[in-house]
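There are 2 protein chains.
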Amino acid sequence: MTQSPSPRPAFASWLSTGNSITQQFMAIGGRPDVVSLAGGLPASEIYPVEAIAAAQERALTRWGTQILEYGAIEGLPALRAAIAERFSAATGRRFGPENVLLTTGAMQGLDLVGKTLVDPGELILSQFPTYLGALDAWRPRMPRYERLDWSLEAPGQDAALRQAKFVYAVPNYSNPTGVLVPQDQRAALLDKVEAAGTWLLEDDPYLPLQFDGPAGPSLLAHHAQRHPNGAYAGPVIYLGTLSKSLAPGLRVGWVVAEASLIATLALAKQSTDIASSLLTQAIALEMIESNFEAQHIPKIVATYRERRDALCAAATTHLSDWFEWEVPPGGMFVWMRAKDEAIDTDALYTHALAENVAFVPSSVFDPSGALKSAMRVNFTRSPPEVLVEGVLRLERAVRRLLAERPGRAA
Amino acid sequence: MTQSPSPRPAFASWLSTGNSITQQFMAIGGRPDVVSLAGGLPASEIYPVEAIAAAQERALTRWGTQILEYGAIEGLPALRAAIAERFSAATGRRFGPENVLLTTGAMQGLDLVGKTLVDPGELILSQFPTYLGALDAWRPRMPRYERLDWSLEAPGQDAALRQAKFVYAVPNYSNPTGVLVPQDQRAALLDKVEAAGTWLLEDDPYLPLQFDGPAGPSLLAHHAQRHPNGAYAGPVIYLGTLSKSLAPGLRVGWVVAEASLIATLALAKQSTDIASSLLTQAIALEMIESNFEAQHIPKIVATYRERRDALCAAATTHLSDWFEWEVPPGGMFVWMRAKDEAIDTDALYTHALAENVAFVPSSVFDPSGALKSAMRVNFTRSPPEVLVEGVLRLERAVRRLLAERPGRAA
Chain A
35 MTQSPSPRPA FASWLSTGNS ITQQFMAIGG RPDVVSLAGG LPASEIYPVE
85 AIAAAQERAL TRWGTQILEY GAIEGLPALR AAIAERFSAA TGRRFGPENV
135 LLTTGAMQGL DLVGKTLVDP GELILSQFPT YLGALDAWRP RMPRYERLDW
185 SLEAPGQDAA LRQAKFVYAV PNYSNPTGVL VPQDQRAALL DKVEAAGTWL
235 LEDDPYLPLQ FDGPAGPSLL AHHAQRHPNG AYAGPVIYLG TLSKSLAPGL
285 RVGWVVAEAS LIATLALAKQ STDIASSLLT QAIALEMIES NFEAQHIPKI
335 VATYRERRDA LCAAATTHLS DWFEWEVPPG GMFVWMRAKD EAIDTDALYT
385 HALAENVAFV PSSVFDPSGA LKSAMRVNFT RSPPEVLVEG VLRLERAVRR
435 LLAERPGRAA
Chain B
35 MTQSPSPRPA FASWLSTGNS ITQQFMAIGG RPDVVSLAGG LPASEIYPVE
85 AIAAAQERAL TRWGTQILEY GAIEGLPALR AAIAERFSAA TGRRFGPENV
135 LLTTGAMQGL DLVGKTLVDP GELILSQFPT YLGALDAWRP RMPRYERLDW
185 SLEAPGQDAA LRQAKFVYAV PNYSNPTGVL VPQDQRAALL DKVEAAGTWL
235 LEDDPYLPLQ FDGPAGPSLL AHHAQRHPNG AYAGPVIYLG TLSKSLAPGL
285 RVGWVVAEAS LIATLALAKQ STDIASSLLT QAIALEMIES NFEAQHIPKI
335 VATYRERRDA LCAAATTHLS DWFEWEVPPG GMFVWMRAKD EAIDTDALYT
385 HALAENVAFV PSSVFDPSGA LKSAMRVNFT RSPPEVLVEG VLRLERAVRR
435 LLAERPGRAA
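Here the protein sequences come in this chain order: A and B. 35 is the number of the first residue of the first sequence in our numbering; add one for each residue after it. 35 is the number of the first residue of the second sequence in our numbering; add one for each residue after it.
Structure follows, in structure tokens:
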């Protein structure tokens, strides 16, 4: 019998807007000849392998068959309680386990929030440029976007706040810009959100990565200060993760929110994967209870601070004729904006690959793809000498780009 | 400041059709006074704790930081290769790692297939009564359903096959009915699917649980026999899992399909959770490579066979006046159909809870909720003496139900 099947049914319509950029970057990350400044990956050499080995042994001894079951959908109760305790301490108001849903990384929190709140065509008010993974997570829900202006002065912000299903904000060391949003802007956004009666999704993966002093209160903490008593009933939906403070391979993240929303998100999670692994959640619990995580973070911070400084110093020498940036006070990225109109970072990317260096062009951080004048440069994944080599290659890539466009180059 | 937020935006529309039945059953499962015949849970006392403890130690020693990274989205390459090898051996044609996507249990495979193939209002042709988790997984995609008739003789089947985005089939020991679909019906369905040019989703979680002889070739194997050469390009999308042969808490499942579909499912997975934990996938790999899984399955089968027989024997004594069933040749469930019109299993469920026994009424296995004459009874979770006690309580519940309806009872 020969194989001549009929054409098969088409994929769902959201896939026609899909992208494979993250996959491309992950593939590039595996090429030893390429200096990748592209990904948002931690320094793998400081993943705490021995501590995790000890924690997994303790976890299975402690819990036995209990952590080999299907979840609770909401996650291991003892870890939910530990995360609630963490946020009670950080915000000065009580959160309980009923306010916590454990997820497969913070990424699953993004997926579940989109699934729970958004029908096709509905509005998300988001800062832009924004996290590519969030756009990916919400693409199957087919939302439309408007841009959150943190100054709240842009025309139409109040109307957009009233229409939006939620506001998406990354106040701490945002991806891709590295910006730490000032506290007065956080307070003002919360005012507007409370007045408009919408949800406020606070994505906070970079919280542990504070290089130059404390990040200050989260949006969740701002709300808690205003409403310190009773069951939490605020608009903030807070996403956190252990991917930056321990290791992304644990795939342990969490949502903190009002209990009724947590229950609805849990229904959405049930229909997504029934439950995440309790085994990895129990390992995470050991790492938190033993205080290992708290002791490990300063080591990560010291490593990344040195890398940030090395990258920025090299860039000042080799790239500042064409780019400008602020030194980020935390996080994983430097956001370099072209001074020169001749530099289109999509075009630069091709030359960069030819020079065996990768970054992320700004166009991917915008649903329209229109922003072509900046690039995101990661400094956490590679040691200083590799970062410096990456910057040298970037310089050569810029010179190639400009040489190709003699009529426009400065 | 007092808290008087505006009403917040509504949840996505699919949630108005949602259910919390699985959560209810999980909660009941935690009550020691209740004999739960409701869930689809394995016998936790035979989860291989010691073997998993040894495997997790070997895995971290073997892979180190590599399994603490974000995935590959598609999963640990060595486990993808091992699963591909398993299906090459089972079907007699080559599958490669490119044909395998690792998922958070088979449940995530259901979610990803829905996300990838279905737009709102599109058709899924499914056997009914069907797996509640599949209905849950696809609810956010808002499909419509028609009923697959395994005899393929029902009016409109050919038209439905041509319109359907995919056919959903559970040929081995289906949930909830326990039916093992005969090989000639499998071959005939594959004929129709190939003629219609649609996808065929084969969900096979119960494959290891063969009590009375082999299940015979899967739909995937049927297709492989017809098209033994070249890259796999068939319509079958096969879902498997380690939840029944090792432990559900590993959350390791897989999709086997043509490579281009796997790549698209991986894009959908990336936007769902970036990747599953490589740590649990590496544990799974150790359990497979060491041949532990293969050696463990006969122990599970022997345990479940004894339980099935104990349940069915007790039911013959205590329930056969009111219910009839086939003894299932595998899987986890007996599907008991009321002989008596006076027995509405939704109503029976209330009396059962009053007698501290739980089952799953048939209404939840149908998107219309109209099927009220049967119940799904699980026999894998509890030892024989508990199953017998559960049946005694069910008998009392039936008597209570009939006593309440003297006008209709036989």
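Think of the CB as a built atom: it goes at the ideal place given N, C-alpha and C, for glycine as much as any other residue. Bear in mind that the values here come from a model prediction, so they are computed numbers and not experimental data.
Open item on the list: Let me see if you follow: with CB-CB separation under 8 Å, is Pro39/A close to chain B or not?
Closed with: In the first sequence, counting from the first residue as 1, residue 39/A sits at position 5. Because Pro39/A carries a pLDDT of 47, less than 50, the predicted location of this residue cannot be relied on, and no value is offered for it.
Task: Cβ-Cβ separation, Thr211/A to Pro248/A (assumed contact under 8 Å), whole Å - done: For the purposes of this step, residue 248/A is taken as the residue at position 214 of the first sequence. For the purposes of this step, residue 211/A is taken as the residue at position 177 of the first sequence. Actually they do not touch by this definition, with Cβ atoms about 19 Å apart.
TODO: Could you run through the stretch 271 to 297 of chain A and flag, in chain order, every residue whose CB is less than 7 Å away from some CB of chain B?
DONE: Ala281, Pro282, Gly283, Leu284 and Arg285
TODO: Examine the Cβ distances between the stretch 110 to 121 of chain B and the stretch 311 to 322 of chain B and report whether three or more of them are shorter than 8 Å.
DONE: yes
Task: Cα-Cα separation, Ala221/A to Phe245/A - done: Here residue 221/A refers to the residue found at position 187 when the first sequence is read from its first residue. Here residue 245/A refers to the residue found at position 211 when the first sequence is read from its first residue. C-alpha separation (whole angstroms): 23 Å.
Open item on the list: Counting only beta-carbon separations shorter than 8 Å, does Ala123/B have a partner in chain A?
Closed with: For the purposes of this step, residue 123/B is taken as residue 89 along the second sequence, with counting starting at 1. No, no contact with chain A.
- [ ] Take Gln161/A as the anchor and find which of Met141/A, Gln191/A, Leu136/A and Asn133/A has the nearest alpha-carbon.
- [x] Stepping through the first sequence from its first residue, residue 161/A is reached at position 127. If we check each option's Cα against that of Gln161/A, Gln191/A comes out closest.
Open item on the list: In this structure, how does DSSP classify Glu423/A when only helix, strand and coil are distinguished?
Closed with: Position 389 of the first sequence, counted from the start, is the residue given in the question as residue 423/A. The answer is helix: DSSP assigns Glu423/A an H, G or I state.
Open item on the list: For a quick check, are the C-beta atoms of Leu253/B and Ala230/B less than 8 Å apart?
Closed with: Working through the second sequence from its first residue, we reach residue 253/B at position 219. Working through the second sequence from its first residue, we reach residue 230/B at position 196. No.
Open item on the list: Let me see if you follow: with CB-CB separation under 8 Å, is Asp170/A close to chain B or not?
Closed with: As a position in the first sequence, residue 170/A is number 136, starting the count at 1. Yes, contact with chain B.
Task: Contact set between Phe45/B and chain A, taken where Cβ atoms lie within less than 8 Å - done: Taking the first residue of the second sequence as position 1, residue 45/B is located at position 11. Result: Thr150, Leu151 and Thr298.
- [ ] May I ask you to check if the CB of Gly143/A is nearer than 7 Å to at least one heavy atom of the ligand ADP?
- [x] Of the ligands one can find in the structure shown there are none, so the ligand ADP has no counterpart to examine.
Task: Bridge-paired residues (DSSP) for Leu135/B - done: Translated into the one-based positions of the second sequence, residue 135/B becomes position 101. Answer by DSSP bridge pairing, in chain order: Val289/B.
- [ ] Name, going along the chain, the residues of the stretch 72 to 89 of chain B whose beta-carbon falls closer than 8 Å to a beta-carbon of chain A.
- [x] Leu75, Ser78, Glu79, Tyr81, Val83, Ile86 and Ala87
Task: Beta-carbon neighbours of Lys199/A, restricted to chain B and to distances below 7 Å - done: Residue mapping note: residue 199/A aligns to position 165 of the first sequence, counting from 1. Chain B residues near Lys199/A: Pro43.
- [ ] With a 10 Å radius around its C-beta and 16 neighbouring C-beta atoms as the bar for buried, classify Ser397/A as buried or exposed.
- [x] Counting from one through the first sequence, the residue named residue 397/A turns up at place 363. That one is buried.
Open item on the list: Give me, in chain order, the residues of the same chain whose beta-carbon lies closer than 7 Å to that of Leu169/B; leave out the 5 immediate sequence neighbours on both sides.
Closed with: Position 135 of the second sequence, counted from the first residue, corresponds to residue 169/B. The answer, listed in chain order, is Pro401.
Open item on the list: By the 7 Å beta-carbon criterion, what residues does the stretch 256 to 269 of chain A contribute toward chain B?
Closed with: Arg260, His261, Ala267 and Pro269
Open item on the list: Suppose you measure from the CA of Tyr104/A to the CA of Leu312/A; what does that come to, to the nearest Å?
Closed with: One-based indexing of the first sequence puts residue 104/A at position 70. One-based indexing of the first sequence puts residue 312/A at position 278. Approximately 8 Å between the Cα atoms of the pair.
TODO: Return no unless some Cβ of chain A is closer than 8 Å to the Cβ of Ile158/B.
DONE: Taking the first residue of the second sequence as position 1, residue 158/B is located at position 124. Judged by the 8 Å Cβ criterion, Ile158/B is not in contact with chain A.
TODO: Please list the partners that Arg173/A has in chain B, where partner means a Cβ-to-Cβ separation under 7 Å.
DONE: By 1-based counting over the first sequence, the position of residue 173/A is 139. Correct list: Ser305.
TODO: Say whether chain B places a C-beta atom closer than 8 Å to the C-beta of Leu253/A.
DONE: Here residue 253/A refers to the residue found at position 219 when the first sequence is read from its first residue. Not an interface residue.
- [ ] Mind listing the chain B neighbours of Thr51/A? Cutoff is C-beta to C-beta under 9 Å, in chain order.
- [x] Looking up residue 51/A in the first sequence gives position 17. The contacting residues do not exist; Thr51/A stays about 11 Å from chain B at best.
Task: Test: Tyr338/B CB closer than 8 Å to a CB of chain A - done: What you label residue 338/B is simply residue 304 of the second sequence in a count that begins at 1. So, not an interface residue.
- [ ] Pick helix, strand or coil for Glu358/A, following the three-state DSSP scheme.
- [x] Counted from its first residue, the first sequence places residue 358/A at position 324. Glu358/A: strand per DSSP, three-state reduction.
TODO: Would you list the residues sitting across from Ser160/B in a DSSP beta bridge?
DONE: Position 126 of the second sequence holds residue 160/B. Bridge partners of Ser160/B: Arg181/B and Tyr202/B.
Open item on the list: Rounded to the nearest angstrom, what separates Ile101/B and Gln315/B at their Cα positions?
Closed with: Locating residue 101/B in the second sequence gives position 67, counting from the first residue. Locating residue 315/B in the second sequence gives position 281, counting from the first residue. For Ile101/B and Gln315/B, the distance between alpha carbons rounds to 9 Å.
TODO: Give every residue of the same chain whose Cβ lies closer than 7 Å to the Cβ of Gly109/B, excluding the five residues on either side of it in the sequence, and list them in chain order.
DONE: As a first step, residue 109/B is located in the second sequence; it is residue number 75 there, counting from the start. Result list for Gly109/B: Leu135, Leu136, Ser310 and Gln315, in chain order.
- [ ] For chain B, find out if any of its Cβ atoms is closer than 8 Å to the Cβ of Glu423/A; answer yes or no.
- [x] The residue you call residue 423/A lines up with position 389 of the first sequence. Not one chain B Cβ lies under 8 Å of Glu423/A.
Open item on the list: Considering Cα atoms alone, identify which of Ala46/B, Lys406/B, Val335/B and Ile334/B is closest to Trp369/B.
Closed with: Within the second sequence, numbered from 1, the residue matching residue 369/B stands at position 335. Ranking Ala46/B, Lys406/B, Val335/B and Ile334/B by Cα distance to Trp369/B puts Lys406/B first.
TODO: Report buried or exposed for Lys278/B, applying the criterion of at least 16 other Cβ atoms within 10 angstroms of its Cβ.
DONE: Residue 278/B sits at position 244 when you count from the first residue of the second sequence. Answer is buried; the Cβ neighbour count reaches 16.
Open item on the list: What does the alpha-carbon distance come out to for the pair Thr125/A and Gly139/B?
Closed with: By 1-based counting over the first sequence, the position of residue 125/A is 91. By 1-based counting over the second sequence, the position of residue 139/B is 105. In a straight line, the C-alpha of Thr125/A is about 36 Å away from that of Gly139/B.
Task: Environment of Lys303/A [buried if 16+ CB atoms lie within 10 Å] - done: As a first step, residue 303/A must be located in the first sequence, where it is residue number 269. It is buried - the Cβ of Lys303/A has at least 16 other Cβ atoms within 10 Å.
TODO: Give the interface partners of Ile117/B over in chain A, defined as CB-CB distance under 9 Å, in chain order.
DONE: For this step, residue 117/B is matched to residue 83 along the second sequence. Under the 9 Å cutoff, chain A gives no residues; its nearest Cβ is about 18 Å from Ile117/B.
Task: Buried versus exposed, by CB contacts within 10 Å (16 or more), Ala328/B - done: For the purposes of this step, residue 328/B is identified with residue 294 of the second sequence, where counting begins at 1. Under this definition Ala328/B is an exposed residue.
- [ ] Would you list, in chain order, the members of the stretch 96 to 107 of chain A that have their beta-carbon closer than 9 Å to a beta-carbon of chain B?
- [x] Gly98, Thr99, Gln100, Ile101, Leu102, Glu103, Tyr104, Gly105, Ala106 and Ile107
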